[in-house]
Every structure is written in C-alpha cells, then in structure tokens.
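Student: Below you will find the structure I want to go over with you.
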Amino acid sequence: MVPKPAEKELILPSGGRFQATSLPAQGETRVAWKRLKSGLPLGQLFFDGFTTITALITLSLVLAISAVLAIEAAPALVRFKAGFLISTEWDPVSEQFGALPFIYGTVVSSFLALMVAAPLGIGVALCLSEMTPFWLSDILGFLVELLAAIPSVVYGLWGIFVLGPFLRDVVEPVLGHYLGLLPLFQGPRVGVSMLSAGAILAVMVVPYISAVCRDVFSAVPAGLREAAFALGATRWEVVRLAVLPYSISGIVGAIILGLGRALGETIAVAMVIGNRPVISASLFMPSTTLASAIANEFTEATSDIYVSALIELGLVLILVSLLINAIARLMIYKLTTQRFSQ
Amino acid sequence: MRTIAFQTDRHRTWRKFKNATMMGATVAATLATLVPLFLVLSYLVKQGLFGINWAFFTRLPRPVGEMGGGMGNAVLGTIELVGLASILAVPLGIGTGIYLSEPGHNGTATNVVRFAADVLMGVPSIVVGIFAYGVVVRPMGGFSALAGAFALATMMTPLVARTAEEALRLVPAELRESALALGIPRWRTSVSVVARTAARGIATGVLLALARIAGETAPLLFTAFGNQYWSTSLKQPIAALTVQVYTYAISPFEDWHRQAWAGALVLTAMVLLVEALVRLLSGRRLRVPR
C-alpha cells in the first residue's frame, strides 16, 4: 500500500520519504540521508543477509569437507599414526593399511600426465593467443574446451576398450624394444597400466592448462607486444621476449592447477590403472592411486577400520590438493588480478 | 661491409627459421590435442549409436544374458539428481556471486570467499563423495538420492557462484550508478537493475554447471549408489547414467559393454549439447571458470 504523499513531501522510488524543507543540503544533508536509509531497512537487511550467508556457506564448505574427512578418518589416524604414510602394506584381511603405494601411484601417474600435457597445453595456448585470427581461435578454443566437458567415465570407457589395447599392442612393444634396458619399460604387457592412466590423464588435463595459460597470455599488456613487434621481432621472438617472461608465474600456476586436476581425477583412472597396490618401477604394470582406490574399494570395505583407512587416503588427497590449488590460484591471481579491481 | 650484410642475412634466415619452427610446433600441439577429441567422439558414436532406441530410454536394465532392456531409470535418475542439486546450489551460488560482485564490500572478505570458491572447484570429486557420505548417508542410515544430490550441489555451488560473479561484473558500472542516482536503494539496484541485466549470463552459468555436474560419477558412487529399478523415494538409492555406465564398463559381459557405450553416447551428447548451447548464448564475453 502506497502511503498518500503529504504536502511538500517527496517520495523516492525507493519508498524513502522526506519533507521538501529538509532537502536543502546546507547542514542538513546528513539528516536527509538518514531518512533515506531508514525508509526501507528490511529489503536491504534481507539482501545483505542472504548474500552474506550464502557466501559464508560457500566459504565454510571447504573447511567442512576437510573437517568431516578428518573426523571420519580418526580411527585410522589413531591406530596407524604417521606410519600410515610410509607403510607399503595394504591388507584388508589382516587390517594392515599403508598409503605409500597409493601416494606413489598418484604422483607417478600425474607426473607422466604433466610431462605430456604441460608442453601441449602451453603450445595450444600460444597458438590460440598469438598465431590464429580471432575467429579461428574461438572455434579451436571451443573444441579444446569440449575435451574438458567430456565426462570422465566416458574417457574411462574409451581407455578400457581403445587406448589400453592400443598402448599394449603398439606403443609398449616399441618402448620395450628401444628403451627396454630401463626398468621403466620392462615387464608384462596387460593393457591396464600406469602408462594408460598417465595417457588418459594427459588428455584430460591439457584443456585446463591451455585455458588458464590463454587467460594469462591475454593479461600481458599490449604495449609489451607492440614494442617488441616495433623493434622488428618475429612472432616467436615476441613470445620469448614479451609474452613468456611476463607470464611465467601464471604458466607455472596453470601447470600446478593441472597437477591438482590430475591428482584428484578418479573414475577414468580407476578404470584403466588396474588397481594393484604395489610399487613397481615399470610403467607397464598395473598400479593404483589415492582417488581410484577409494572409488574401487569403498563400497566393498567390510570393517570400520577399512572404511576409515580409505577415508584417510581421501584426507591425504584433499590436504595435498588444497595446498596445490591454493598455490596455483595465488600465482594466477597475481597476474590476472586487475580483472577483480572494482 | 659485404661480410656483415652476409651475416645479417644469414642471421635473418636463422631467425625466420626459428620462428617458423616454434610457431609450427604450437600448431602441431593444437592439432595433437584435438586428435583424442575426434577419436573419442567418433568411437563413441560408432559403438553407441546402434544401442540407442526407444527401449533404452523407457525400459529397466535386464539381467545378464537377457537381450534388450534399457537405462530408463538411469536417465531419469540423472535428471532427478541434477534437478535436486540445482535446487540447493543455484540460490547458494547466485547469492555468493552477488556477494562477490557487490561493490563496497570489504575487499579482504570477498577475496577470501572467491579464493575458497576457486579452491572448492579443485577439490577432487571423490572427496566430495566422502563428505556427503559422512554428512548425509551415515546419519540417514543408507544411500539415497538426497545424498547424491547433496554431493552434486557441493560441486555445483562454486561453479554457479563464479560464473554469476563474472556475468554480474560485465554489467557497466554506469548502470548501477544511474540507478543509485535516481534514489533506488542499493539492494533494489542490485536485484532489479544489475542482476536483471546479467540474468542471461547467470542462466548460462547455471546451465554450464548443470552439464558439468551431470557427467560426474565419483561423488555418486557411495551416495546415490545406483539402482536397478525405478526409485520411488528420495530416501532410496537412485540410478544415474554415469554410475550405470561405470558399472557396465568394468563388468565382464559383452552385452553390458554395448549398453555402456550407448549410455556414454547419450550422456556425452547431453553434456556437449548444453556446452555448445552455453557458448552460443554467452559468446566470447563470458569467461567460463575452471
């Protein structure tokens, strides 16, 4: 219900009312402002309250996740203490649990993935931001982003039936023939292996690295590029003299972010890595990771301590990935932060 | 003089050569990256297409050995899970996005919230599953659709929040200022002027988050769990397309593998269609968070 305006009374669209006599600014501005605010405390209160509470919930989710994992892992934490991290034994029957094979598998598979994905991702980003015209960058960029949109279970399915057999029958014999002296490339060829996990992870991580690198490259001041071009530099020299030095910390951030993705990827890895908690030097052997072990064994875990040990694997995983993500984000913010200034 | 000219000539050729090599390498990298995309998609279509028929969308899975059957319950389950998750995550995400984009907030506070949202996007999905297991499954005493939706909502919130923030930031500051100059209160300006202008961007962000969430398997494994039948209650386990594809893919049965390919094709088609739609709607201006 709109109140009837009194004589000489001004009604703002906000519903704030004030007398015309109070309008002259001389010494009375503050009074007028106060009335304007007191005109509708409810709407503003509700709006501020709602947005602040939702923001707090989002903020607390990260903390809540860590806390819940720590609580659920408590029995295993108490029982195995620090030995959990360095023990290689994983025997649900005798209830002995050690995380080292899982940590090893996670680190090696992610490292393999990054060896391929980091140069590819940077290359893609350079190509799209420095080489191709806008319209083509848009199309190619869209296609690369589709790689990130394909569900990981689909990658896993493709890994089981296409990539795994291909690696087993084509790539592994070649590697074994030429580099067989290295322990990395020895052993039986079974199709599920550390190598296929690394390969599938590489495909999945490239779009993240390239997308972040593109953002970082686009934050390079145009003046730097133009100055280099004006000196007669070739495209590559512009990249090397102006683009790369400016964005190096962002590139490192992008790679670390990719590492975070690779460490935490679950389903695709669980489908191709073979799930065998044994440390083996050969990349042809089945292995396991922190995330894939949880996916595989959680619903089969029979005893409470088994579940708790699996959750402790998750606790290790989240602590590592929180750390990695925090570092990567901060490195990227440093370069692209002007986007956020008001 | 001639010698110097000769050397610079050679030098120039060398520089040009280096330029061509390095720039060629970046093009090669792009092509190499796109090869798996085409391999995956073409194989998916080849293997999955003939498994897709009316029964796939309407029938329940059959036991091993019996031909026919479908994944109707899983298709419906995915839609239910994603719908439930968005009931939770959309208000949370948009609220957080508005909080992040609202001028005049304490800079440190917004930075902390934005940082938390970004880090939350990087939390491994399997860990989110454990979180939902501890918070919902254990207190409720069993796997349920609600637990699955809770896990998905946890992953969806930061995505919605960050796209909403990006969309809200694209609204010119002059628009807000003119509204304020007319005496419209701050909250009304934010809701009816700024948010309404950015509504399309926010909607595309929500769509994108829906697509990403629909493709998640890991957080559902021990929350929604999967179900071979139609589920009648939100407190029961529920089937999801991703979980069904996963179970079938790692099974030893030829028949189930065929179903898995069909399911994967439907899933990928759904996700990629939404992704393409989002791109068309948002154009180049809206940056997608990752």
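Residue numbers (our numbering), protein chains in the order written: chain A, 201 to 542; chain B, -3 to 286. Here a beta-carbon is modelled for each residue, glycine too, at the ideal position from N, C-alpha and C. Nothing here was measured: the structure is a model prediction, and the numbers come from that model.
#1: Would you check if the segment 220 to 233 of chain B and the segment 136 to 145 of chain B touch, i.e. whether three or more CB-CB distances between them fall below 8 Å?
#2: How would you write the range of the alpha helix (DSSP H) that residue 534 (chain A) sits in, first residue to last?
#3: Looking at the C-beta of residue 285 (chain A), does it have a partner C-beta in chain B at a distance below 8 Å?
#4: Which class does residue 302 (chain A) belong to by DSSP, given the choice of helix, strand or coil?
#5: In terms of alpha-carbon separation, which member of B:211, B:196, B:193, B:220 lies closest to residue 142 (chain B)?
#6: Can you pull the chain A neighbours of residue 275 (chain B), defined as C-beta to C-beta under 7 Å?
#7: In the structure shown, what three-state DSSP assignment does residue 234 (chain B) receive?
#8: Just to confirm, is the Cβ distance from residue 121 (chain B) to residue 489 (chain A) under 8 Å?
#9: Is the segment 78 to 90 of chain B in contact with the segment 495 to 509 of chain A, if contact means three or more CB pairs nearer than 8 Å?
#10: Using a threshold of 8 Å, state whether the C-beta atoms of residue 149 (chain A) and residue 512 (chain A) are closer than that.
#11: Is the closest heavy atom of the ligand FAD to the C-beta of residue 431 (chain A) under 7 Å?
#12: On the DSSP bridge assignment, give the partners of residue 291 (chain A) in chain order.
#13: Would you say residue 498 (chain A) reaches chain D, if we count a Cβ-Cβ gap shorter than 8 Å as a contact?
#14: Could you tell me whether the segment 342 to 354 of chain A touches the segment 444 to 460 of chain A, using the rule of 3 or more Cβ pairs below 8 Å?
#15: Using beta carbons (cut-off 8 Å, strictly below), is residue 30 (chain B) in contact with chain A?
#16: Give me the Cα-Cα distance between residue 504 (chain A) and residue 241 (chain B), rounded to the nearest whole angstrom.
#17: For residue 377 (chain A), is the classification buried or exposed, using 16 other Cβ atoms within 10 angstroms of its Cβ as the cut-off for buried?
#18: If we define contact as Cβ-Cβ less than 8 Å, is residue 48 (chain B) a contact residue for chain A?
#19: Any C-beta of chain B within less than 8 Å: which residues of the segment 288 to 319 of chain A qualify?
#20: Hey, residue 213 (chain B) and residue 239 (chain B): beta-carbon distance below 8 Å or not?
#21: Could you tell me whether the Cβ of residue 98 (chain B) comes closer than 8 Å to any Cβ of chain A?
#22: At 3 residues or longer, what runs of the beta strand (DSSP E) sit wholly inside the segment 259 to 292 of chain A?
#23: Which residues does DSSP pair with residue 417 (chain A) in a beta bridge?
#24: In three-state DSSP terms, what is residue 221 (chain A)?
#25: Helix, strand or coil: how does DSSP classify residue 487 (chain A) here?
#26: Suppose you measure from the CA of residue 216 (chain B) to the CA of residue 416 (chain A); what does that come to, to the nearest Å?
#27: For residue 115 (chain B), go through chain A and note every residue whose CB falls closer than 8 Å to its CB, in chain order.
#28: What are the residues that DSSP puts in a beta bridge with residue 221 (chain B)?
#29: Look at the alpha carbon of residue 183 (chain B) and the alpha carbon of residue 48 (chain B), and state the distance between them as a whole number of angstroms.
#30: Using only alpha-carbon positions, find the residue among B:39, B:151, B:106 that is nearest to residue 205 (chain B).
#31: For residue 424 (chain A) and residue 535 (chain A), what's the separation of their Cα atoms in angstroms?
#32: Contact between the segment 361 to 368 of chain A and the segment 382 to 401 of chain A is defined here as three or more beta-carbon pairs at a separation below 8 Å; is this criterion met?
#33: Report all residues from its chain with a CB closer than 7 Å to the CB of residue 375 (chain A); omit the five preceding and five following residues, and keep chain order.
#34: DSSP has residue 474 (chain A) in a bridge; who is on the other side?
#35: Buried or exposed, going by whether 16 or more other CB atoms sit within 10 Å of the CB of residue 453 (chain A)?
#36: So residue 25 (chain B) and residue 327 (chain A) are supposed to be a Cβ contact under 8 Å. How far apart are they, rounded?
Tutor: Short version:
#1: yes
#2: 504 to 536
#3: no
#4: Reduced to three states, the DSSP call for residue 302 (chain A) is helix.
#5: B:220
#6: 342
#7: strand
#8: no
#9: no
#10: Past the edges of chain A, shown from 201 to 542, lies residue 149 (chain A), and the structure says nothing about it.
#11: Judged by which ligands are present, the structure shown has none, so any question about the ligand FAD falls away.
#12: A:296
#13: In summary, chain D is missing from the structure at hand, where the protein chains are A and B.
#14: no
#15: yes
#16: 29 Å
#17: It counts as exposed.
#18: no
#19: 319
#20: yes
#21: yes
#22: List check, beta strand (DSSP E) in window: nothing returned.
#23: In DSSP, residue 417 (chain A) forms no bridge with anything.
#24: For residue 221 (chain A), the pLDDT reaches just 43, beneath the cut-off of 50, and the residue's location in the model is therefore unreliable, leaving the point undetermined.
#25: strand
#26: 34 Å
#27: 262, 522, 525, 526, 529
#28: Answer is B:234, bridged to residue 221 (chain B).
#29: Each residue's alpha carbon lies about 50 Å from the other.
#30: B:151
#31: 15 Å
#32: yes
#33: So the list reads 385, once near-sequence residues are dropped.
#34: A:487
#35: buried
#36: Indeed they touch by this definition, with Cβ atoms about 6 Å apart.
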